[in-house]
Amino acid sequence: MALRVLVGCKRVIDYAVKVRVKPDKTGVITDGVKHAMNPFDEIAIEEAIRMKEKKIVSEVVAVSCGPAACQEVLRTALAMGADRAIHVDVSGKEYDSLQPLHVSKLLAKLATSEKADLVILGKQAIDDDCNQTGQMLAALLDWPQACFASKVEKQDGGLTVTREIDGGLETIKVKLPAVITADLRLNEPRYATLPNIMKAKKKPIAKKTAKELGVDLTPRQSVVRVEDPPVREAGVKVASVEELVAKLKQMGRV
Amino acid sequence: MAASVSRVLSAGSNVLLGQRASLLAKKCRNFHVSILTNSANNANSANFVSAPSSLDAMKEEEVIMRETVAKMAKAKIQPLVRKMDEVSHMDSSVLSALFENGLMGIEIPADYGGTNSTFFSSILVIEELAKVDPSVSVLCDIQNTLINTLLMKYGTEEQKKKYLPRLATDMVGSFCLSEPQSGSDAFSLKTVAVRDGDHFILNGSKMWISNAEQAGMFLVMANAKPTDGYKGITCFLIDRDSPGLSVGKKEDKLGLRASSTCAIHFDNVKVPVSSILGKFGHGYKYAISMLNEGRIGIAAQMIGLAQGCFDATVPYTMERKQFGKRVWDFQAMQHQIAQIACKIEAARLMVYNAARLKEEGRPFVKQAGMAKYYTAEVAAETTSKCIEWMGGVGFTKDYPVEKFYRDCKIGTIYEGTSNIQLNTIAKFVESEFKNR
Numbered sequence: 002m003a004l005r006v007l008v009g010c011k012r013v014i015d016y017a018v019k020v021r022v023k024p025d026k027t028g029v030i031t032d033g034v035k036h037a038m039n040p041f042d043e044i045a046i047e048e049a050i051r052m053k054e055k056k057i058v059s060e061v062v063a064v065s066c067g068p069a070a071c072q073e074v075l076r077t078a079l080a081m082g083a084d085r086a087i088h089v090d091v092s093g094k095e096y097d098s099l100q101p102l103h104v105s106k107l108l109a110k111l112a113t114s115e116k117a118d119l120v121i122l123g124k125q126a127i128d129d130d131c132n133q134t135g136q137m138l139a140a141l142l143d144w145p146q147a148c149f150a151s152k153v154e155k156q157d158g159g160l161t162v163t164r165e166i167d168g169g170l171e172t173i174k175v176k177l178p179a180v181i182t183a184d185l186r187l188n189e190p191r192y193a194t195l196p197n198i199m200k201a202k203k204k205p206i207a208k209k210t211a212k213e214l215g216v217d218l219t220p221r222q223s224v225v226r227v228e229d230p231p232v233r234e235a236g237v238k239v240a241s242v243e244e245l246v247a248k249l250k251q252m253g254r255v
Numbered sequence: 025m026a027a028s029v030s031r032v033l034s035a036g037s038n039v040l041l042g043q044r045a046s047l048l049a050k051k052c053r054n055f056h057v058s059i060l061t062n063s064a065n066n067a068n069s070a071n072f073v074s075a076p077s078s079l080d081a082m083k084e085e086e087v088i089m090r091e092t093v094a095k096m097a098k099a100k101i102q103p104l105v106r107k108m109d110e111v112s113h114m115d116s117s118v119l120s121a122l123f124e125n126g127l128m129g130i131e132i133p134a135d136y137g138g139t140n141s142t143f144f145s146s147i148l149v150i151e152e153l154a155k156v157d158p159s160v161s162v163l164c165d166i167q168n169t170l171i172n173t174l175l176m177k178y179g180t181e182e183q184k185k186k187y188l189p190r191l192a193t194d195m196v197g198s199f200c201l202s203e204p205q206s207g208s209d210a211f212s213l214k215t216v217a218v219r220d221g222d223h224f225i226l227n228g229s230k231m232w233i234s235n236a237e238q239a240g241m242f243l244v245m246a247n248a249k250p251t252d253g254y255k256g257i258t259c260f261l262i263d264r265d266s267p268g269l270s271v272g273k274k275e276d277k278l279g280l281r282a283s284s285t286c287a288i289h290f291d292n293v294k295v296p297v298s299s300i301l302g303k304f305g306h307g308y309k310y311a312i313s314m315l316n317e318g319r320i321g322i323a324a325q326m327i328g329l330a331q332g333c334f335d336a337t338v339p340y341t342m343e344r345k346q347f348g349k350r351v352w353d354f355q356a357m358q359h360q361i362a363q364i365a366c367k368i369e370a371a372r373l374m375v376y377n378a379a380r381l382k383e384e385g386r387p388f389v390k391q392a393g394m395a396k397y398y399t400a401e402v403a404a405e406t407t408s409k410c411i412e413w414m415g416g417v418g419f420t421k422d423y424p425v426e427k428f429y430r431d432c433k434i435g436t437i438y439e440g441t442s443n444i445q446l447n448t449i450a451k452f453v454e455s456e457f458k459n460r
């Protein structure tokens, strides 16, 4: 089963950083802020590498869409064990307005041109929390999707995936080629060992543009305003249930 | 300078008489040349690069390594630090983590199973580890800057093949120079190696040997020809299981407690002639050159220690309130903290610069000594102040600062005491002024 896996890696603000809104309310401050690979994408890379170690997969290709800085994220993916990487160069205003629909179109083109048998993405990015790219990608490619995966096993003719859903766990079988999105409990990503960081320097990062892939990056949405969540107000203590109901009626909540 | 003068000369060549112009240019050229050849006294004169950069600049792999080690140290080492200090023992899971992540063979080439990286990467790793636990940092430092370097520089192919792969993957090494009667006066060591056919027989004792509990092999400095004084000192590679070699009791120390420090006894230990590292009687040279490099490693440990302590303290001052405001809000506090921040920055730049100089193949001994001396001082001052800024809680073991305070003291003592460093630095200053 010489499968080729494409894994999407997004460069996002590091999860430990306190995010702050820009004074002009058009977005959050990213200049000089620590960035890292989206944690769910780390889990996706880890899963792909484990599948390679189990010989289910023969090649892992990491992909990132964004400015030159994305190469850091790709180097980390290579250091974790990916074989090669593709950097889709999107910068400036185009990057600011890049949406899951665009990314899924870019990934769809790459999945086809690279002849991928499987695409693994993180279930969502921790900056926009969209949870859309995997699903859109599957629709564009007309491939089965197994989202929120917490377990992936090889099966004759495809994969058995256990999904985390609201009610508990759901196990489905998907035929290949397919799209999987990784959830938190799928695995615990490894640290890139120092020897692998050095070896990763020799692995290739190919550069592509949206234009060569024939994808239109015109935004379909524009951000109106970005604001801090409302400051949590102090609560009010009430003496009895009657008072509680009266207050709720007063607030128009009941 | 010569370039700009010649530009002026060529521009004004209509004004200046031809002969005077060329004489002036010649004089400038000679001056220029004399700066270049005076390199012994003005060590960094021949330093022209087309794109100099700040000491904050790093290669991509250095940045990734530093972040990886920081993450790994926080997850795998941080939770065990307090316990390891209490019981004076390094947890085996920490050792495994160091080996598995390739931290123990940073400069060892890939074909010996090492990480295949550079000296500066080692320095960054040592610094990051020290921010979490200086004991773990020193183990990694000794392995990389002393043991591995000595083997790579002076080992025969056979010795390299035997030891380097193991040092990179599962074996700790120890460097044995000091003895009960010889510390700073290292070359008055008394351990002897007597030739016996195709073997040497070693007798003597070593003291203050770091990593001794975990080491699988020892680099032992012994005198194989006492009649030649220090010129008889020879370096031997000795396996732990050699009959007659015994590791003494672990010292019960003030700080760096998780790093094992023991005496080693040699009782008629028989080693083949082939276990000599490098040349007979050159041991003292190797020790000096290795310790010059090791100094930068210790400096990195001290600066990591200072930074780790500082990072654990400042957030507390921004939370703790007294007299209706945060401790941080008092100007006196801000001034004290800013002063320490300056010293840490200065000390770190000295470490990075010494490391880069060494990598560039330029003279670095003075800078290495200065870095080790200064970072030990800064670490001592930082940790002392941090305890004060924390107040009462800083004095308890519930907070990490008291451990950093205890750990930093050895910085002024081991791998060349501060007084020895000052001697070295003064010698360089003297030679710089002598030839002016």
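Chains A and B, in that order, give the protein sequences.
Counting from 1 along the first sequence, just add 1 to a position and that's the residue number in the numbering used here.
Counting from 1 along the second sequence, just add 24 to a position and that's the residue number in the numbering used here.
The beta-carbon is built from N, C-alpha and C at its ideal position, and this holds for glycine as well.
For F41 of chain A, the uninterrupted alpha helix (DSSP H) run begins and ends at 40-54, by DSSP.
Contacts with chain B (Cβ-Cβ distance below 7 Å) from the stretch 196-212 of chain A involve P196, I198, M199, K202, listed in chain order.
Taking 8 Å as the cut-off, the Cβ atoms of S198 of chain B and T215 of chain B do not count as close. CA-to-CA, the gap between T194 of chain A and A80 of chain A works out to about 7 Å.
Contact annotation: the stretch 313-326 of chain B touches the stretch 432-445 of chain B, with at least three C-beta pairs closer than 8 Å. For A78 of chain A, the nearest beta carbon of chain B is not closer than 8 Å to its own beta carbon.
In the DSSP assignment, G159 of chain A forms a beta bridge with A:Q156, A:K176. In the structure shown, I434 of chain B adopts helical secondary structure according to DSSP, grouped into three states. With the criterion set as a beta carbon lying under 9 Å from some beta carbon of chain A, the members of the stretch 129-144 of chain B are G129, I130, A134, G137, G138, T139, N140, S141, in sequence order. Note that the C-beta distance between I322 of chain B and D165 of chain B is below 8 Å.
Distance from the CA atom of K110 of chain A to the CA atom of L119 of chain A, rounded to whole angstroms, is 14 Å.
Contact annotation for M89 of chain B against chain A: L195, I198 [CB-CB distance below 7 Å, chain order].
Contacts with chain A at 8 Å (Cβ-Cβ) include K95 of chain B. Across the set B:A97, B:I368, B:D115, B:G348, the C-alpha of B:A97 shows the shortest separation from the C-alpha of N125 of chain B. Only E84, E85, I88 from the stretch 73-88 of chain B bring a Cβ to less than 7 Å from some Cβ of chain A.
P101 of chain A and T134 of chain A have their C-alpha atoms some 5 Å from each other.
When DSSP states are grouped into helix, strand and coil, M245 of chain B belongs to the strand group. The beta carbons of K53 of chain A and G82 of chain A sit closer together than 8 Å. When C-beta distances to chain A are compared with 8 Å, the residues of the stretch 148-178 of chain B below that value are V149, in chain order.
Taking 8 Å as the threshold, the shortest C-beta distance from Y192 of chain A to chain B falls below it. Nearest CB-CB separation between L127 of chain B and chain A: below the 8 Å threshold. In this structure, the CA atom of I434 of chain B is about 11 Å from the CA atom of Q325 of chain B.
With the rule of 3 Cβ pairs closer than 8 Å, the stretch 301-317 of chain B does not count as touching the stretch 111-125 of chain B.
Between A246 of chain B and A217 of chain B, the CB-CB gap stays under 8 Å. Cβ neighbours of S159 of chain B within its own chain (closer than 6 Å, five residues either side excluded): L280, A282, S283. At least one C-beta of chain A is nearer than 8 Å to the C-beta of E124 of chain B.
Under a 10 Å Cβ-count criterion, Q125 of chain A is classified as buried, with 16 or more other Cβ atoms of the shown protein chains found around its own Cβ. DSSP, read as helix, strand or coil, puts C10 of chain A in coil. Counting the other Cβ atoms within 10 Å of the Cβ of T406 of chain B gives 16 or more, which makes it buried. CA-to-CA, the gap between L170 of chain B and K309 of chain B works out to about 13 Å. In the DSSP assignment, G393 of chain B falls within the unbroken alpha helix (DSSP H) covering 389-414. The CB of T92 of chain B comes closer than 9 Å to the CB of T77, A80, Y192, A193, T194, L195, I198 in chain A, given here in chain order.
Partner residues in the beta bridge of A63 of chain A, as assigned by DSSP, are A:V8, A:A86. The alpha-carbon of E454 of chain B is positioned some 14 Å away from that of V389 of chain B. The beta carbons of H88 of chain A and I181 of chain A sit no closer together than 8 Å. Per the coordinates, the alpha-carbon of V402 of chain B lies some 58 Å from the alpha-carbon of E171 of chain A.
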